[in-house]
Amino acid sequence: MEELIRVSFRTFGPPASIMGTNHAEMTLSGNTVKEFLNELELKHNGIRKILRPSGDQLSDLIYILVNGTNIHSLNGLDTILNDGDIISLLPVTAGG
3 MEELIRVSFR TFGPPASIMG TNHAEMTLSG NTVKEFLNEL ELKHNGIRKI
53 LRPSGDQLSD LIYILVNGTN IHSLNGLDTI LNDGDIISLL PVTAGG
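What follows is the structure, encoded as structure tokens:
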């Protein structure tokens, strides 16, 4: 039997507009960032075009953090999630 994990996530900007909230909790049957994104996309129609507009490759305009660490410093989409982790979806911003 597959173990379920519960994660919290936060987001801002366009993803929050699509989801109608900037934070929520999800129970996942998988345990990777990729599986989290798959489940998020099933629950929130339209978010895929922001997160992964070209198939499975992540947009360069969104940072994904797990417990404050960018997944690019971890194992990318294969980063393992644990019960209680906090995932942040942050749009890239620039200033001048």
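The numbering of the sequence shown is our numbering, which starts it at 3 and goes up by one.
Heads up, the beta-carbon is just placed ideally off N, CA and C, and yes, glycines get one too.
Here the structure is a predicted model, which means the values were calculated and not measured.
inquiry  = Spatial neighbours of I88 within its chain, please: C-beta separation below 6 Å, excluding the five flanking residues on both sides.
reply    = For I88, where only same-chain residues beyond five positions count, the Cβ hits under 6 Å are S10, N69.
For I7 and M28, I'd like the C-alpha separation in whole angstroms. Straight-line measurement puts the Cα of M28 at about 8 Å from the Cα of I7.
If you compare alpha carbons, which of L63, G86, Q59, V94 is closest to D80? Comparing alpha carbon positions, the residue from L63, G86, Q59, V94 closest to D80 is Q59.
Discussion item. Going by beta-carbon coordinates alone, are I102 and V35 separated by less than 9 Å?
Written reply: For residue 102 there is no data in the structure shown, the boundaries of the chain being 3 and 98.
Using a Cβ-Cβ cutoff of less than 7 Å, which residues in the same chain neighbour G15 once the five nearest sequence positions on both sides are dropped? The residues are P93.
By Cβ distance below 8 Å, which residues in the same chain neighbour L30 in space, the five residues on each side in sequence not counted? Here the set comprises L6, I7, R8, V9, E37, F38, E41, L83.
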